[in-house]
Amino acid sequence: MPIVLFPKKDKPQLARGFSPKVVRLNVRINEDIEEASLANISRSGLLALSNDIGSNRHVTKLDFRHVCFGPEEGIILSRGLLTNRVLLDLNLQHNNLSDVGTCAVAQALAEQGVLEALTLDANGIGDIGACALAEFVSTSRTLKELRLFDNHIYKDGGVALGNAIAKCPTLRHLDLGLNEIGDQGAVAVATALCDYNKVSKLSIRANGITSAGGKALAKALRRDCRLRSLDLRVNRLRDDAVKHIFEALLLNSHLQELDLGRNSIRDDAMEFIAEVILRNKFITKLSFEDNYFTDEAAEVFLKLLQKAEHLSMTEFTIHSNYISEIKLQQIDLFMRTHARELQKKKRENKRQRSQSNVGVGNDAREESKMSAGRQSSGSLSRSTSRISRGGSREASKV
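Read in our numbering, the sequence shown has 3 at position 6, and its numbers run on one by one without any break.
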C-alpha cells in the first residue's frame, strides 16, 4: 500500500466552487482555509485554481489525490506554482502526470523555492520525470519529504535522484519503493548517505536490488549514516548481502528500524544476525517476514532474544517462513512480554526524571529564598549601621 501524505482522518478541508464546466476567474479559496483538498475539479476550475495559487498567500497544503490529472493538467497547475511562495505540502498521488506533467511541476517548484513535502506516488513517472525531479531536489533548500512510490523509475532516474540527494541538505524522508532503480540506483543513494547526508527514513522496497546494492548500503551503515528507518522489503538480497549489512550494524548507532521481508535469506545468515541481536542497543524493529528460515533458526532466534542483556527491540517479525506455529508463538510471546517490560521501564525512568526535576526545582527555590533572606538581612544591617552612625554624629554636635 502506498504511504499517503495526508491520512484520511486528517484530509484537508474540501474547497468548493471549482467543479462546474464554466468557473468565474475570480473564484478563490477562502482566506480562512490553510489546508485544502479538491475533488471533481473541471478544466475550467483548474484554470481558475491555478490563477489563485499563483497569488495565494494563505494556503500551505494542497491535496490533489485521485483527481485524474494528466500531463495537461500538470502543466496548467505548474503555471500557478511558478509564482506561489507559501505552499509547503503538495500531494498529487494516484494521478497520471507521466514525465511531461512531472517535468512541468518540477520546474515550477524549483522556482517556487519553499515546498517541504511532495508526494507523487503512482503517477507513471519514468526516468525523464525522475531526472527533472532530481534537478528540483538538488537546488531545494527546504524539501524534507519526497515520495515516489509505485512509478516506473529505472536505473538512470535512480542514479540522478541519488546524486541529487547529496546536494539537498534538508531532505529527511525518501520513498522510492516499487520502482526498478536496481543496484546502480541503490549504489547512488548509498553514496549520498555516506556523505553525512541527513536522510533518516529511506524506502527502496521492491526495486530489484541484489548483493551489489546491499553491500553499498552496508557501507553507508558502517559509516554510521543518519538513517533511522530502512525498508529493503521485496528485493533479491541473499545471505552475502545480509552478512555485510549486519556487520555494519555492529558499528551503527542510528538505525532503529530494518525491514528485510520477502528477500532470499536462509539459516546460514544466522551467524551474522546473532551478534547484532546480542550487542546492538539501538534496533527497535526488525523484520525477516517471508524468507527461508526454518525451525532451527527460530530456536536460535529465541535463545538469542532471551540472552541479550541490552535488547531494545519491541518488534521482531519472522512470520511466513518455514517455521512451525509453536515456534512462532513462543517468539511472539517473548516479544510481547519484553515490549511491556521496556514500556514499564520507560515509564519508571520518566517518573524518576520528573521527581528529580521537581527536587532540583525545590532546591533552587529554597536556595533563592535563602539568598533573598541573606540579602534582606544584609540590607537591614547596613540600614541599622547608617542610622547608628547618624545618631552618633548628632550626639557629637550637641
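Ideal Cβ placement from N, Cα and C applies to all residues, glycine included.
- Note on geometry: alpha-carbon atoms of Val297 and Lys304 lie some 10 Å from one another.
- Between His316 and Leu325, the CB-CB gap stays under 9 Å.
- Boundaries around Leu199 are those of the beta strand (DSSP E), 198 to 200, since no alpha helix (DSSP H) includes it.
- Just measuring C-alpha positions, the residue of Val186, Leu89, Asp256, Asp124 sitting nearest Val231 is Asp256.
- If you draw a straight line from the Cα of Asp192 to the Cα of Thr281, it comes to about 25 Å.
- The C-alpha of Gln340 lies about 20 Å from the C-alpha of Ser353.
- Judged by their CB atoms, Lys58 and Leu78 are not nearer to each other than the 9 Å cut-off.
- DSSP, reduced to helix, strand and coil, places Thr57 outside both helices and strands of the structure shown, so it counts as coil.
- The segment 132 to 203 contains, as complete alpha helix (DSSP H) runs of 4+ residues, the segments 152 to 162, 179 to 191 (chain order).
- Annotation: Ile125 to Thr139 spans about 23 Å, alpha carbon to alpha carbon.
- Following the DSSP letters along the chain, one finds Glu312 inside the beta strand (DSSP E) bounded by residues 312 to 314.
- It is roughly 37 Å from the alpha-carbon of Val184 to the alpha-carbon of Arg333.
- The residue from His241, Phe133, Arg225 with its alpha-carbon nearest to that of Ala105 is Phe133.
- The criterion of a C-beta distance shorter than 9 Å is not satisfied by Thr291 and Asp329.
- In the structure shown, Arg230 adopts coil according to DSSP, grouped into three states.
- With fewer than 16 other Cβ atoms inside 10 Å of its own Cβ, Ile323 counts as exposed.
- Bridge partners of Thr116 according to DSSP: Asn88, Arg144.
- 9 Å or more divides the Cβ of Ile206 from the Cβ of Val239.
- Comparing C-alpha distances from Lys212 to each of Val20, Gly182, Leu115 shows the shortest one belongs to Gly182.
- Sequence-distant Cβ neighbours of Arg276 in its own chain, meaning closer than 7 Å and more than five residues away, are Leu247.
- By the CB criterion at 9 Å, Ser34 and Pro68 fall outside the cutoff.
- Distances from the CA of Glu113 to each of Leu168, Gly98, Ile122, Cys100 were compared; the closest alpha carbon is that of Leu168.
- A direct Cα-to-Cα measurement between Thr116 and His170 gives close to 11 Å.
- DSSP, reduced to helix, strand and coil, places Gln253 outside both helices and strands of the structure shown, so it counts as coil.
- Between Ser321 and Ala294, the CB-CB gap reaches or exceeds 9 Å.
- By the neighbour-count criterion, in which a residue is buried when 16 or more other Cβ atoms sit within 10 angstroms of its Cβ, Val19 is exposed.
- Considering only Asn260, Lys164, Ser226, the residue with the shortest C-alpha distance to Gln253 is Ser226.
- Taking C-beta atoms under 8 Å as the contact rule, Val196 and Ile162 qualify, at a distance of about 6 Å.
- In terms of Cα proximity to Thr311, the closest of Asn288, Gln349, Phe61, Ser284 is Ser284.
- By the CB criterion at 9 Å, Asn176 and Gly155 fall inside the cutoff.
- Annotated as proximal: Ala119 and Asn148, with beta-carbon spacing under 9 Å.
- Following the DSSP letters along the chain, one finds Lys304 in no beta strand (DSSP E) but inside the alpha helix (DSSP H) bounded by residues 292 to 304.
- In the structure shown, Ala33 falls within a strand segment according to DSSP collapsed to helix, strand and coil.
- Annotation: Glu32 to Gly98 spans about 23 Å, alpha carbon to alpha carbon.
- Exposure of Cys65 is indicated by the presence of fewer than 16 other C-beta atoms within 10 angstroms of its C-beta.
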